Structures are given as structure tokens and as C-alpha cells.
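The structure under discussion appears below in the form of C-alpha cells.
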Amino acid sequence: MGPDQAIPSQGTFRSFSVYEMPFDSYDRERKGLFTRKMYRTIAPWTTENPIFMHLTSTNPETVYRAIDQCAETGYEMIILSFGSGLNAEDISDANIAKYKAFVDYARNKGIEMGCYSLLASRWISDEVDVINPKTGKRGGMTFGSSPCLCSDWGYEYFHKIKTFFEKTGMRCFEHDGSYPGDFCASTVHPHHKGLKDSQWNQFHKVTELYHWMCENGIYLNVPDFYFLNGSTKVGIGYREANWSLPRDRQLIHTRQLNYDCTFERIPSSLWSFVPLVEYQGGGAAATLEPLSEHLYEYKTLMFQNYGAGVQACYRGPRLYDTPETKKAVVEIISWYKKYRNILNSDIIHLRKPDARDWDGIMHVAPAGKEKGLAMFYNPTDKEMTRDIQLPLYYTGLTKTACIREQEGTPATYTLNRDYTVNLTVKIPAKGYTWYVIE
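Rendered as C-alpha cells:
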């Protein structure tokens, strides 16, 4: 349907663009490598991957403490999360001054700040919301009801968001719901004529904001496919209810997500989730606070996510609560930054997590110093030793490989005719290890 656009005399009309990627085989991994290369090429902003936390409060004491903790541990960004109390539609002088003070303090410590705003799924009013063409009323759309972006309310919303970012200096926008493609049958909204032009006009209104943000260096988390219009991250593919599972289930669930959802997406274009505080449900069994009492799960979740090159929303009021917890965070972040290039490179999928035997992934970067970095996990309660055929074809190595466990002494391996090496790996009970290939 649509676009139903009027083209003035001497005017132009630009349609949407389509990119096509031919594949040279049916191999899932190889097709994924093709697809990931394509997105790095046509949407290079998706390779940006700042280290961020999701802060659940806008109380000044909590915010300043979180900024200090981020600076001390190596984090790079704070996103004021849903439920934190921030309202980016409030562009009063007092509200702008409050958040600009946070931004200025954070930037002075090398930390950027951003915020969350909900757009789709909101019920505004009969006059503002999209009109269902089947009923002539609001409701029954993608998320029940959503405001029409081409109503006066919609245009004012975008003006307020842009003004908030211009005046506060924030550098990250998490836009929840975004625009899901709803048609609107209203004939009285001033910025579309009726049903046929409603989708085209609304899409162009939301992408107008995203283009402006991308041009101005504002990082964009959008849980919908807006990569080619400036967004940098999308949700990895989780169901929100699964973050209410007990902590031990979340460990394996996180690795399953990191494995399954990185065949066609580059890790930096995805976000995952870590509920430092309760999220929807699950109570104390599902949350990591107090962090010092669940340090094993906290550290393992960090290692799994950073080790996959996937940034998660560490959602809570703080990053650490004791010196021991702080030490663990610093250790993981320092390790991630040391190996950042290879950890943000393509993933070769070794064995899917099933909680019964080892699982693992391997990053490859044939042009890098480290040609590969393999990670192995043991979900069982007993130490295990496994002989693993490590596929090195995509590392670019052809004859020999220098491989070391963690920061140990490297050993030289001769590649087999199929570009594999035979690696004996010992993995601690309920633990992990990693190997560097050069």
C-alpha cells in the first residue's frame, strides 16, 4: 500500500533501496560470514560497540556514584534505563539543567551518557493514536495502540527528543518500540492524508530523527530493523520473561543466545541483558544483587558476553558493591579491552550450549595480530578434558599456528589438510578457558 506521495513540478521522489547479497554455498556459517561482511560494509556504524550499563535511577547520588564506578572500572557509557525516572519529553529548563549536569560530570571522566524513551505501544488519545482501518478506532495494531507519528503530537514528540539531546549533550538514545509499521486510517492527522500514505510518512518521520542522530554521533539502540537508517544495535533475540529464570539457567541461556543469534548478525550490532536487579519477575533467585553474594554468576555472565563481543544491559544501580566485586569487573573489562579487536571479530560456531557437554565459539580475524580466540565452557560439575578439532580456515593460517591457553606459553601446531588442528582442552567444572591463535 502506498506510498501515495504527491511530486511537485520539478520535484523528485526517492524510493527505498534494496541490497542483495549472493552466496556461494549453502553452508550456514559461510552464508553468515557473507551477511556479516555486508552489514559491516553498508552500515559501518553497527561496528561501534561501547561498554555501557543500564542505570535504574536518576537520583543524583546514585548517578554520580555510577559515573565514578564506570570511570574506575573501564566502562564507557551509562544509559538511564526504563523506570529510572527520566523523561526526555520534558524540555523544561529545570529538567535540561539536571541532565546536562550529569552529562558534563560524566564526560569530564571520559563517560558518555544516554537515555531511554518509549514510543510505540503507548496509548495517548483517540485523536492522536493510529486508527485501525478495520474498525475505524484505535487499538488492534502491532502493539495494541501507538501514537501516529504524523499527528501533531508525533511531530511535537520528535521536536522534544531532538531538543533534549541538543541541550543536554547526551550521546546515546535507546528508542523502544520505535515505529513498527502501523497504518493509520485517520483523515484528520495533519501530516498524512489518509491510509495509503500513512505508513510511508510515518517511516520517514522516525528515520529523519535517526539520520540526524547518526550524523551527530549519537549512538542508537533500537529494537527493530533500522540498521540502514542509522541505528547501531538491536536486541539479540531474547524473550524478556527468560531473565526471570534462576541465575544458573541464565548462564546457559546467555550462551545459547550468543551462539544462535550471531550467525547473521555481527556481535557489536546486538545487545543482551543481565538483570542486576529484578526484571519482570523471578525474585531473588533471578537477580544478581547483592553482587558480592553472586559473584560467580556475575563474573561468568560478564565473561560470556564480553567474550562474545556482545554488550549486555547490566541493569541496576551499581557495578560493584565490595572491593572483591570491583576487582572482578576491572579484570573482565581489562581483558576485554586488551583483546577488543579480536573479540569484536567474526564468530565461528564450534558447539552449541546444551548444558550436557562443552560448548564454544571462536573469533577469527585473518588481518589481525591475533588470528583467532577460542572460548570453551564446561556447564557440568566435573572437570572435563576434550580433544577438539579447531577449524582454522577462516583465520587465514595455512600451515602452522601458534596457540596458547590464556596468557601461557604458546605451542606450534601443524594444520591438517582441512585447515584444522587437534587441540586437547581441559575445562574446569562449571568454568571456562580460552585460547589465543596467532
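This note's numbering numbers the first residue of the sequence shown as 90 and each following residue consecutively.
Where a beta carbon is used, it is the ideal one built from N, C-alpha and C, also for glycine.
Owing to the predicted nature of the structure, the values given are computational and were not obtained by experimental measurement.
Simplified DSSP state of residue i, which is helix, strand or coil
i       : result
Asn-505 : coil
Val-514 : strand
Asp-265 : strand
Asn-310 : strand
Phe-533 : With the chain running from 90 to 527 in the structure shown, residue 533 is simply not present.
Tyr-368 : strand
Phe-191 : helix
Cys-159 : helix
Ala-95  : coil
Arg-429 : helix
Arg-196 : helix
Leu-439 : strand
Cys-303 : helix
Ile-526 : strand
Asp-218 : strand
Tyr-403 : strand
Arg-475 : strand
Ala-456 : coil
Straight-line gap, residue i to residue j (C-alpha atoms, nearest Å)
i       : j       : result
Tyr-164 : Ile-140 : 5 Å
Gly-229 : Asp-215 : 13 Å
Asn-310 : Tyr-327 : 15 Å
Tyr-299 : Phe-262 : 10 Å
Gln-393 : Thr-162 : 18 Å
Ser-320 : Cys-303 : 7 Å
Arg-338 : Lys-515 : 23 Å
Gly-457 : Lys-126 : 16 Å
Gly-266 : Ser-235 : 9 Å
Phe-191 : Glu-118 : 44 Å
Glu-201 : Glu-420 : 22 Å
Gly-233 : Gly-371 : 26 Å
Val-510 : Leu-359 : 31 Å
Ser-206 : His-143 : 13 Å
Thr-231 : Asn-221 : 10 Å
Leu-208 : Ala-177 : 11 Å
Gly-225 : Gly-283 : 12 Å
Residue i: CB within 6 Å of a non-hydrogen atom of the ligand ATP
i       : result
Met-110 : In terms of ligand content, the structure shown is empty, and the ligand ATP therefore cannot be addressed.
Closest residue to residue i among the options (Cα-Cα distance)
i       : options                            : result
Leu-334 : Thr-321, Asn-310, Pro-364, Ile-355 : Pro-364
Lys-120 : Leu-384, Leu-479, Asp-435, Pro-279 : Asp-435
Glu-494 : Tyr-508, Ala-463, Lys-519, Thr-296 : Ala-463
Met-166 : Pro-97, Gly-229, Arg-260, Tyr-409  : Arg-260
Lys-198 : Cys-159, Trp-424, Pro-236, Phe-171 : Cys-159
Thr-136 : Ala-374, Tyr-308, Ala-190          : Tyr-308
Arg-81  : Asp-313, Met-302, Glu-329, Thr-389 : The displayed coordinates of the chain run from 90 to 527. Any statement about residue 81 would go beyond what the structure contains.
Leu-380 : Thr-252, Tyr-348, Glu-413          : Glu-413
Arg-407 : Ala-132, Ile-168, Glu-109, Pro-97  : Ile-168
Lys-426 : Asn-138, Asp-349, His-342, Ser-210 : Asn-138
Ala-454 : Arg-354, Arg-429, Asp-443          : Arg-429
Ala-330 : Cys-350, Ala-375, Arg-354          : Ala-375
Glu-386 : Ser-423, Cys-402, Ile-341          : Ile-341
Lys-416 : Asp-157, Leu-384, Tyr-403, Arg-440 : Leu-384
Tyr-508 : Thr-484, Glu-459, Asp-157          : Thr-484
Tyr-502 : Ser-210, Lys-519, Leu-481, Ile-422 : Leu-481
Thr-151 : Gly-405, Tyr-348, Leu-486, Cys-350 : Gly-405
Lys-223 : Tyr-128, Ser-357, Ser-275          : Ser-275
Val-277 : Ser-240, Trp-301, Glu-255, Ile-422 : Ser-240
Gly-172 : Trp-242, Ile-156, Gln-369          : Gln-369
Leu-377 : Pro-356, Arg-336, Asp-116          : Arg-336
Val-366 : Arg-354, Ser-170, Ile-213          : Ser-170
Asp-157 : Arg-129, Arg-196, Pro-133, Ala-132 : Arg-196
Outcome for residue i when other beta-carbon atoms lying within 10 angstroms are tallied against a minimum of 16
i       : result
Asp-286 : buried
Ser-204 : As written in the sequence, residue 204 is Cys, which differs from the Ser given in the question. With 16 or more Cβ atoms within 10 Å of its Cβ, Cys-204 is classed as buried.
Val-418 : buried
Ile-250 : buried
Thr-411 : exposed
Val-323 : buried
Arg-506 : exposed
Phe-362 : buried
Gly-174 : exposed
Phe-102 : exposed
Ile-526 : buried
Tyr-551 : The structure shown has nothing for residue 551, since the chain only spans 90 to 527.
Asn-318 : buried
Asp-218 : buried
Lys-460 : buried
His-248 : exposed
Ser-98  : exposed
Asn-347 : buried
Ala-95  : exposed
Check your understanding: Does the region 287-300 come close enough to the region 258-274 that 3 or more CB-CB pairs lie under 8 Å?
Key -> With the rule of 3 Cβ pairs closer than 8 Å, the region 258-274 counts as touching the region 287-300.
Check your understanding: Counting Cβ pairs, one atom from each stretch, are 3 or more of them under 8 Å apart for the region 465-479 and the region 430-448?
Key -> Touching, yes.
Review point. Hey, is the region 176-193 in contact with the region 121-133, meaning 3+ C-beta pairs nearer than 8 Å?
Key: no
Review point. Touch check for the region 466-474 and the region 485-504: three-plus C-beta pairs under 8 Å?
Key: no
Review point. Are the region 424-435 and the region 393-405 touching by the rule of at least three beta carbon pairs closer than 8 Å?
Key: Output reads yes: the region 393-405 touches the region 424-435.
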